[in-house]
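**Student:** Pasting a structure below so you can have a look.
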Amino acid sequence: MTLHARLQIRRSGFTVRAEFTVESGAVLALMGPSGAGKSTIVHALAGIQKLSAGRIELDGTVLADERTHMPPHRRQIGLLGQDPHLFPHLDAARNIAFGAHAGGMDKTAAAKEAARWLHRLGLEEIAGQRPAALSGGQRQRIALARALAAAPRVLLIDEPFASLDVEAAADMRLLVREQLRRTGISAVIVSHAAADTTALADELMVLERGEPTHHGPVAQVFAHPDTRFMRAVVASLPAEPLPAPLEPCKEAADGA
Numbered sequence: 026m027t028l029h030a031r032l033q034i035r036r037s038g039f040t041v042r043a044e045f046t047v048e049s050g051a052v053l054a055l056m057g058p059s060g061a062g063k064s065t066i067v068h069a070l071a072g073i074q075k076l077s078a079g080r081i082e083l084d085g086t087v088l089a090d091e092r093t094h095m096p097p098h099r100r101q102i103g104l105l106g107q108d109p110h111l112f113p114h115l116d117a118a119r120n121i122a123f124g125a126h127a128g129g130m131d132k133t134a135a136a137k138e139a140a141r142w143l144h145r146l147g148l149e150e151i152a153g154q155r156p157a158a159l160s161g162g163q164r165q166r167i168a169l170a171r172a173l174a175a176a177p178r179v180l181l182i183d184e185p186f187a188s189l190d191v192e193a194a195a196d197m198r199l200l201v202r203e204q205l206r207r208t209g210i211s212a213v214i215v216s217h218a219a220a221d222t223t224a225l226a227d228e229l230m231v232l233e234r235g236e237p238t239h240h241g242p243v244a245q246v247f248a249h250p251d252t253r254f255m256r257a258v259v260a261s262l263p264a265e266p267l268p269a270p271l272e273p274c275k276e277a278a279d280g281a
């Protein structure tokens, strides 16, 4: 799976421009100040935002260009945002099953897939509970399971840990890292937190005022902070070395 995007998006006098490729199993992080255009890029990849110019391709299939706009439900691209957007009238198991059903499974297979994800993420005890009865961390775990149950080819992650406390955010970060490694799904992650980038990403693109200012392997970008924003980000990094990039596990490599 290779995602290639060459984007130009005009919104209210503000233009976002970027070009990048995400190879199979790789994770690209997008960082930048508020309003730099990170979420705009994610929404364009998901099909929520139309391009003004450029092209988005997934394994050679055109998802969007100046004349084409494939609708979100046909793109096989999952989106996990800051708000889990769980269905309040469905319990945890049925929320996950909805994702599997949307991914093409019949209802029986979708229910089995939901049970598998509940077991994998250790959530069996809350299977019958509705979102209102769950903690923020539990809701985000269910949202992650629902997104992955749809078997997306690419997962877009837009500030999913921002509303969680420090401990819950750390737990979710580890869980997302484990599941990306296990499934081998490619991902694009938006975050203000250096901890998210260092824990999850292979490459980093920094956007400022709608334009990329840095792009490359995470360690390389952090080693050469050329703007005020990036110098502030690097100053917030812990003293210990950056973790190694993600590598798909054997289960993912074997197509499990």
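Each residue of the sequence shown is one higher than the last, beginning at 26 in the working numbering.
Yeah, the Cβ is synthetic: ideal placement off N, Cα and C, and Gly gets one too.
Would you report the Cα separation of residue 172 and residue 130, rounded to the nearest angstrom?
**Tutor:** Within the sequence shown, residue 172 is the residue found at index 147, counting from 1. Within the sequence shown, residue 130 is the residue found at index 105, counting from 1. Answer to the nearest angstrom: the Cα atoms are 14 Å apart.
**Student:** Does residue 184 come out as helix, strand or coil in the three-state DSSP assignment?
**Tutor:** As a working note, residue 184 is residue 159 in the sequence shown. In the structure shown, residue 184 sits in coil (DSSP, three-state: anything other than H, G, I, E or B).
**Student:** If we call anything under 8 Å between Cβ atoms a contact, is residue 76 one with residue 211?
**Tutor:** Numbered from its first residue, the sequence shown carries residue 76 at position 51. Numbered from its first residue, the sequence shown carries residue 211 at position 186. Contact: no.
**Student:** Let me know the alpha helix (DSSP H) ranges lying completely inside the region 207 to 273, each 4 residues or longer, listed in chain order.
**Tutor:** 219 to 225, 243 to 248, 253 to 260
**Student:** Can you tell me whether residue 174 is buried or exposed, with buried defined as 16 or more other CB within 10 angstroms of its CB?
**Tutor:** Locating residue 174 in the sequence shown gives position 149, counting from the first residue. It counts as buried.
**Student:** Within its chain, find whatever has a CB closer than 8 Å to the CB of residue 110; leave out the 5 residues flanking it on each side and keep chain order.
**Tutor:** Numbered from its first residue, the sequence shown carries residue 110 at position 85. Result list for residue 110: 168, in chain order.
**Student:** Can you tell me whether residue 126 is buried or exposed? The criterion is at least 16 other CB atoms within 10 Å of its CB, across all chains shown.
**Tutor:** Your numbering for residue 126 matches position 101 in the sequence shown. With 16 or more other Cβ atoms within 10 Å, it is buried.
**Student:** So what's residue 278 in DSSP terms, helix, strand or just coil?
**Tutor:** One-based indexing of the sequence shown puts residue 278 at position 253. Residue confidence for residue 278 is low, a pLDDT of 43 falling below 50, so the modelled location carries little weight and cannot support an answer.
**Student:** Rank 161, 39, 166 by C-alpha distance to the C-alpha of residue 147 and give the top, closest one.
**Tutor:** Position 122 of the sequence shown, counted from the start, is the residue given in the question as residue 147. Closest by alpha carbon: 166.
**Student:** Could you check the C-alpha separation between residue 193 and residue 200 for me, to the nearest Å?
**Tutor:** Working through the sequence shown from its first residue, we reach residue 193 at position 168. Working through the sequence shown from its first residue, we reach residue 200 at position 175. Separation of residue 193 and residue 200 (C-alpha to C-alpha, rounded to the nearest whole angstrom) is 10 Å.
**Student:** From the DSSP output, which residues share a beta bridge with residue 56?
**Tutor:** In the sequence shown, counting from the first residue as 1, residue 56 sits at position 31. 231, per the DSSP bridge assignment.
**Student:** Less than 6 Å between C-beta atoms, sequence neighbours within five positions excluded: which residues of the same chain meet that for residue 83?
**Tutor:** Translated into the one-based positions of the sequence shown, residue 83 becomes position 58. Counting only Cβ-Cβ distances below 6 Å, and skipping sequence neighbours, we find 28.
**Student:** How is residue 31 classed by DSSP in three states: helix, strand or coil?
**Tutor:** The residue you call residue 31 lines up with position 6 of the sequence shown. In the structure shown, residue 31 sits in a strand (DSSP, three-state: E or B).
**Student:** Where DSSP assigns a beta bridge to residue 65, which residues make up the other side?
**Tutor:** Position 40 of the sequence shown, counted from the start, is the residue given in the question as residue 65. Note: residue 65 sits in no beta bridge, so no partner.
**Student:** Out of 57, 102, 34, 155, point me to the one whose CA is closest to residue 15's CA.
**Tutor:** This structure cannot settle anything about residue 15, because the visible part of the chain is limited to 26 through 281.
**Student:** Taking the DSSP output, what are the residues bridged to residue 47?
**Tutor:** Counting from 1 along the sequence shown, the entry for residue 47 is found at position 22. Bridge partners of residue 47: 28.
**Student:** Measuring CB to CB, does residue 177 end up less than 8 Å from residue 102?
**Tutor:** Residue 177 sits at position 152 when you count from the first residue of the sequence shown. Residue 102 sits at position 77 when you count from the first residue of the sequence shown. Cβ distance < 8 Å, so residue 177 and residue 102 count as in contact.
**Student:** Could you please give the first and the last residue of the uninterrupted beta strand (DSSP E) stretch that includes residue 151?
**Tutor:** As a first step, residue 151 must be located in the sequence shown, where it is residue number 126. No beta strand (DSSP E) holds residue 151; DSSP gives it neither H nor E.
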